[in-house]
Amino acid sequence: MICVPLIVVIPDAQEDDDNSKYFLRKNYLTALEKQGGAPVIVPYSIKNVGFYMQFAHGVMIAGGKFTIDPEFFNQRMQCNLPINSKRTQVEWAYCQEALQRKMPILGICGGMQLINVVLGGSLIQDLSRIPNVSNHNVSKNNVHSVQILPDTYLSQYLKCSDLDVNSSHCQSVDRLGHEVRINALSPDGVIEGIEHTQHPFCLGVQWHPEYFHQNQNLFSEFVQACRMFRKHEK
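Residues in the sequence shown are numbered from 4 upward in steps of one, following my numbering.
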(Lines of atoms letter the chains of each structure in order from A and count residues from 1; the text may use other names and numbers.)
(Lines give C-alpha, C1' and ligand atoms only; values in the text may rest on other atoms or scores of the structure.)
Protein backbone atom coordinates (compact mmCIF):
# COMPACT_ATOMS: atom_id res chain seq x y z
CA MET A 1 0.00 0.00 0.00
CA ILE A 2 1.34 3.43 -0.99
CA CYS A 3 1.92 5.75 1.97
CA VAL A 4 0.12 8.99 1.16
CA PRO A 5 0.76 11.78 3.69
CA LEU A 6 -1.97 14.29 4.50
CA ILE A 7 -0.71 17.86 4.33
CA VAL A 8 -2.58 20.75 5.92
CA VAL A 9 -2.71 23.87 3.73
CA ILE A 10 -4.15 27.15 5.03
CA PRO A 11 -6.02 29.13 2.34
CA ASP A 12 -6.59 32.83 1.87
CA ALA A 13 -10.04 34.28 2.51
CA GLN A 14 -12.32 36.94 1.12
CA GLU A 15 -14.71 38.32 3.69
CA ASP A 16 -18.09 39.37 2.36
CA ASP A 17 -21.37 39.49 4.25
CA ASP A 18 -23.19 37.69 1.45
CA ASN A 19 -20.46 35.71 -0.28
CA SER A 20 -17.43 35.00 1.94
CA LYS A 21 -15.06 32.41 0.49
CA TYR A 22 -11.77 30.63 0.95
CA PHE A 23 -9.41 30.42 -2.01
CA LEU A 24 -5.97 29.10 -2.92
CA ARG A 25 -4.02 28.92 -6.16
CA LYS A 26 -4.25 25.50 -7.73
CA ASN A 27 -0.50 25.21 -8.36
CA TYR A 28 0.20 24.95 -4.61
CA LEU A 29 -1.93 21.82 -4.45
CA THR A 30 -0.69 20.43 -7.76
CA ALA A 31 2.94 20.69 -6.62
CA LEU A 32 2.16 18.58 -3.54
CA GLU A 33 0.01 16.06 -5.40
CA LYS A 34 2.67 15.51 -8.08
CA GLN A 35 5.05 14.34 -5.36
CA GLY A 36 2.52 11.98 -3.79
CA GLY A 37 1.07 14.22 -1.08
CA ALA A 38 -2.62 14.69 -0.29
CA PRO A 39 -3.26 18.37 0.54
CA VAL A 40 -6.16 19.21 2.83
CA ILE A 41 -7.44 22.80 2.92
CA VAL A 42 -8.52 23.79 6.43
CA PRO A 43 -10.83 26.60 7.63
CA TYR A 44 -9.92 29.47 9.95
CA SER A 45 -10.98 27.62 13.08
CA ILE A 46 -8.60 27.68 16.04
CA LYS A 47 -10.72 25.23 18.02
CA ASN A 48 -10.29 22.53 15.35
CA VAL A 49 -6.51 22.79 14.93
CA GLY A 50 -5.89 19.89 17.31
CA PHE A 51 -8.47 17.76 15.50
CA TYR A 52 -6.95 18.25 12.05
CA MET A 53 -3.43 17.77 13.36
CA GLN A 54 -4.35 14.32 14.68
CA PHE A 55 -4.58 13.18 11.06
CA ALA A 56 -1.99 15.44 9.42
CA HIS A 57 1.58 14.53 8.50
CA GLY A 58 2.76 17.96 7.38
CA VAL A 59 1.85 21.65 7.19
CA MET A 60 2.39 24.02 4.27
CA ILE A 61 1.99 27.75 4.89
CA ALA A 62 1.60 29.81 1.72
CA GLY A 63 1.86 33.55 1.11
CA GLY A 64 -0.68 36.33 0.75
CA LYS A 65 -1.03 40.08 0.24
CA PHE A 66 -1.03 41.04 3.90
CA THR A 67 1.42 41.57 6.74
CA ILE A 68 1.87 39.81 10.05
CA ASP A 69 0.89 42.22 12.81
CA PRO A 70 4.23 43.84 13.76
CA GLU A 71 3.20 43.80 17.41
CA PHE A 72 4.19 40.12 17.30
CA PHE A 73 7.82 41.23 16.96
CA ASN A 74 7.58 44.41 19.05
CA GLN A 75 7.38 46.95 16.23
CA ARG A 76 4.90 49.56 15.08
CA MET A 77 3.26 49.39 11.67
CA GLN A 78 5.66 50.69 8.99
CA CYS A 79 4.04 49.46 5.77
CA ASN A 80 0.83 49.86 3.78
CA LEU A 81 -0.18 46.21 3.75
CA PRO A 82 -3.35 45.13 5.59
CA ILE A 83 -3.28 42.86 8.62
CA ASN A 84 -5.13 39.54 8.29
CA SER A 85 -5.58 38.63 11.95
CA LYS A 86 -7.76 35.56 11.40
CA ARG A 87 -5.37 33.95 8.96
CA THR A 88 -2.29 34.79 11.02
CA GLN A 89 -3.87 33.33 14.16
CA VAL A 90 -4.72 30.02 12.52
CA GLU A 91 -1.36 29.76 10.70
CA TRP A 92 0.41 30.53 13.97
CA ALA A 93 -1.54 27.79 15.74
CA TYR A 94 -0.76 25.17 13.06
CA CYS A 95 2.90 26.20 12.95
CA GLN A 96 3.29 25.96 16.74
CA GLU A 97 1.54 22.60 16.83
CA ALA A 98 3.73 21.24 14.03
CA LEU A 99 6.87 22.49 15.76
CA GLN A 100 5.86 20.73 18.97
CA ARG A 101 5.11 17.50 17.13
CA LYS A 102 8.30 17.72 15.01
CA MET A 103 5.98 17.55 12.00
CA PRO A 104 7.36 18.77 8.63
CA ILE A 105 6.64 22.43 7.81
CA LEU A 106 7.15 24.21 4.49
CA GLY A 107 6.73 27.99 4.36
CA ILE A 108 6.42 29.83 1.05
CA CYS A 109 6.84 33.61 0.79
CA GLY A 110 4.78 34.99 3.71
CA GLY A 111 4.80 31.47 5.14
CA MET A 112 8.55 31.68 5.56
CA GLN A 113 8.15 35.02 7.33
CA LEU A 114 5.54 33.56 9.67
CA ILE A 115 7.81 30.65 10.66
CA ASN A 116 10.55 33.11 11.55
CA VAL A 117 8.24 35.28 13.67
CA VAL A 118 6.74 32.26 15.46
CA LEU A 119 10.30 31.28 16.38
CA GLY A 120 10.99 34.71 17.84
CA GLY A 121 12.39 36.55 14.82
CA SER A 122 11.39 39.81 13.17
CA LEU A 123 10.68 41.21 9.70
CA ILE A 124 11.76 44.10 7.54
CA GLN A 125 8.32 45.57 6.96
CA ASP A 126 9.14 47.60 3.84
CA LEU A 127 12.14 46.65 1.71
CA SER A 128 11.81 49.83 -0.37
CA ARG A 129 13.09 51.77 2.65
CA ILE A 130 16.33 49.80 2.83
CA PRO A 131 19.30 51.36 0.95
CA ASN A 132 20.83 49.43 -1.96
CA VAL A 133 18.06 46.81 -2.05
CA SER A 134 16.50 45.94 -5.41
CA ASN A 135 12.77 46.04 -6.04
CA HIS A 136 11.61 42.56 -5.00
CA ASN A 137 7.90 43.38 -5.31
CA VAL A 138 7.62 42.88 -9.06
CA SER A 139 5.67 39.80 -10.15
CA LYS A 140 5.76 36.04 -10.10
CA ASN A 141 7.37 36.20 -13.55
CA ASN A 142 10.26 38.47 -12.56
CA VAL A 143 13.39 36.36 -12.13
CA HIS A 144 16.56 36.99 -10.15
CA SER A 145 19.29 34.74 -8.83
CA VAL A 146 19.73 33.52 -5.27
CA GLN A 147 22.76 31.94 -3.65
CA ILE A 148 22.01 28.64 -1.95
CA LEU A 149 24.31 28.54 1.06
CA PRO A 150 26.51 25.45 1.48
CA ASP A 151 26.08 23.00 4.34
CA THR A 152 22.36 23.70 4.64
CA TYR A 153 19.38 21.39 4.26
CA LEU A 154 18.22 23.44 1.27
CA SER A 155 21.52 22.89 -0.56
CA GLN A 156 21.14 19.15 0.04
CA TYR A 157 17.59 19.17 -1.31
CA LEU A 158 18.16 21.36 -4.38
CA LYS A 159 21.69 20.09 -5.11
CA CYS A 160 22.88 23.44 -6.43
CA SER A 161 24.73 26.55 -5.26
CA ASP A 162 22.62 29.13 -7.08
CA LEU A 163 19.14 29.26 -8.53
CA ASP A 164 16.96 31.60 -10.60
CA VAL A 165 13.75 32.38 -8.70
CA ASN A 166 10.78 34.71 -9.02
CA SER A 167 10.30 37.81 -6.90
CA SER A 168 6.98 39.06 -5.56
CA HIS A 169 7.41 40.42 -2.04
CA CYS A 170 7.90 43.75 -0.28
CA GLN A 171 8.95 42.35 3.11
CA SER A 172 11.64 39.97 4.28
CA VAL A 173 13.11 38.23 7.30
CA ASP A 174 15.24 40.51 9.48
CA ARG A 175 16.33 39.16 12.89
CA LEU A 176 16.45 35.36 12.80
CA GLY A 177 14.27 33.32 15.12
CA HIS A 178 15.56 30.85 17.71
CA GLU A 179 17.61 28.04 16.13
CA VAL A 180 16.98 29.46 12.64
CA ARG A 181 19.70 29.89 10.02
CA ILE A 182 19.81 31.42 6.55
CA ASN A 183 19.94 28.99 3.63
CA ALA A 184 19.53 31.38 0.67
CA LEU A 185 20.43 35.01 -0.11
CA SER A 186 19.74 37.36 -3.01
CA PRO A 187 22.65 39.36 -4.51
CA ASP A 188 21.56 42.48 -2.57
CA GLY A 189 21.68 40.62 0.75
CA VAL A 190 17.95 40.01 1.23
CA ILE A 191 17.25 36.74 3.05
CA GLU A 192 15.58 34.37 0.58
CA GLY A 193 15.44 31.18 2.64
CA ILE A 194 15.59 29.95 6.23
CA GLU A 195 15.56 26.63 8.06
CA HIS A 196 15.27 25.36 11.63
CA THR A 197 18.52 23.69 12.65
CA GLN A 198 16.96 21.37 15.27
CA HIS A 199 13.82 20.25 13.44
CA PRO A 200 13.60 17.31 10.99
CA PHE A 201 12.06 19.54 8.29
CA CYS A 202 11.12 23.16 8.99
CA LEU A 203 12.09 25.24 6.00
CA GLY A 204 10.94 28.40 4.25
CA VAL A 205 11.72 30.13 0.97
CA GLN A 206 10.81 33.68 -0.02
CA TRP A 207 10.12 32.83 -3.66
CA HIS A 208 7.27 30.79 -5.13
CA PRO A 209 8.66 27.35 -6.07
CA GLU A 210 5.22 26.15 -7.18
CA TYR A 211 5.77 28.07 -10.45
CA PHE A 212 9.10 26.47 -11.35
CA HIS A 213 9.78 22.95 -12.58
CA GLN A 214 13.38 23.08 -11.32
CA ASN A 215 12.09 23.68 -7.78
CA GLN A 216 10.17 20.42 -7.62
CA ASN A 217 12.94 18.78 -5.57
CA LEU A 218 11.87 21.01 -2.70
CA PHE A 219 8.31 19.67 -2.80
CA SER A 220 9.63 16.14 -3.29
CA GLU A 221 11.79 16.38 -0.16
CA PHE A 222 8.95 17.95 1.83
CA VAL A 223 6.46 15.25 0.88
CA GLN A 224 9.05 12.57 1.61
CA ALA A 225 9.60 14.09 5.07
CA CYS A 226 5.82 14.00 5.61
CA ARG A 227 5.80 10.38 4.49
CA MET A 228 8.52 9.52 7.01
CA PHE A 229 6.64 11.36 9.74
CA ARG A 230 3.55 9.28 8.98
CA LYS A 231 5.58 6.07 9.03
CA HIS A 232 7.11 6.85 12.43
CA GLU A 233 3.77 7.94 13.88
CA LYS A 234 2.26 4.48 13.39
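Glycine included, each C-beta is placed from N, C-alpha and C at the ideal position.
Range covered by the beta strand (DSSP E) that runs through residue i
{"i": "I111", "result": "108-111"}
{"i": "Q17", "result": "15-17"}
{"i": "G196", "result": "194-199"}
{"i": "N186", "result": "183-188"}
{"i": "C205", "result": "205-208"}
{"i": "E42", "result": "It should be pointed out that residue 42 corresponds to Pro in this sequence rather than to Glu. Looking at the DSSP string, the run of the beta strand (DSSP E) that includes P42 is 41-44."}
{"i": "I10", "result": "9-12"}
Endpoints, the alpha helix (DSSP H) within which residue i is located
{"i": "R104", "result": "88-104"}
{"i": "M231", "result": "219-236"}
{"i": "A59", "result": "Where A59 is concerned, there is no enclosing alpha helix (DSSP H), given that its DSSP letter is neither H nor E."}
{"i": "A34", "result": "29-37"}
{"i": "Y156", "result": "156-161"}
Proximity to residue i [Cα-Cα], best of the options
{"i": "Q116", "options": "Q209, V93, N30", "result": "Q209"}
{"i": "F76", "options": "G196, Q159, L122", "result": "L122"}
{"i": "L109", "options": "H235, F215, V12, Y25", "result": "V12"}
{"i": "E224", "options": "S23, S164, K37", "result": "K37"}
{"i": "P73", "options": "G192, D191, D177", "result": "D177"}
{"i": "V62", "options": "Q78, R184, G114", "result": "G114"}
{"i": "L130", "options": "T70, A34, N30, I44", "result": "T70"}
{"i": "F215", "options": "E182, S170, L179, L188", "result": "S170"}
{"i": "C6", "options": "C98, H181, H60", "result": "H60"}
Cα-Cα separation, residue i to residue j
{"i": "L157", "j": "G207", "result": "9 Å"}
{"i": "F232", "j": "M106", "result": "7 Å"}
{"i": "G39", "j": "L9", "result": "10 Å"}
{"i": "F204", "j": "L161", "result": "14 Å"}
{"i": "Q159", "j": "C112", "result": "20 Å"}
{"i": "G53", "j": "N186", "result": "31 Å"}
{"i": "I194", "j": "K24", "result": "33 Å"}
{"i": "D165", "j": "Q81", "result": "32 Å"}
{"i": "E18", "j": "G192", "result": "37 Å"}
{"i": "L221", "j": "P14", "result": "20 Å"}
{"i": "I49", "j": "L102", "result": "16 Å"}
{"i": "Y47", "j": "Q92", "result": "8 Å"}
{"i": "R79", "j": "H235", "result": "43 Å"}
{"i": "V226", "j": "Q219", "result": "11 Å"}
{"i": "E100", "j": "I64", "result": "13 Å"}
Buried or exposed by the 16-neighbour rule on C-beta atoms within 10 Å, applied to residue i
{"i": "Q174", "result": "buried"}
{"i": "C229", "result": "buried"}
{"i": "S125", "result": "buried"}
{"i": "P42", "result": "buried"}
{"i": "F58", "result": "exposed"}
{"i": "H139", "result": "With a pLDDT of 48 at H139, under the threshold of 50, the predicted position of this residue should be treated as unreliable, and no value is reported."}
{"i": "P212", "result": "buried"}
{"i": "C163", "result": "exposed"}
{"i": "Q1", "result": "Examination of residue 1 is not possible in this model, given that the chain is present from 4 through 237 alone."}
{"i": "I44", "result": "exposed"}
{"i": "N119", "result": "buried"}
{"i": "H199", "result": "buried"}
{"i": "T155", "result": "buried"}
#### Entry: Meets three-Cβ-pair contact criterion under 8 Å: the segment 143-153 and the segment 83-90
These segments do not touch.
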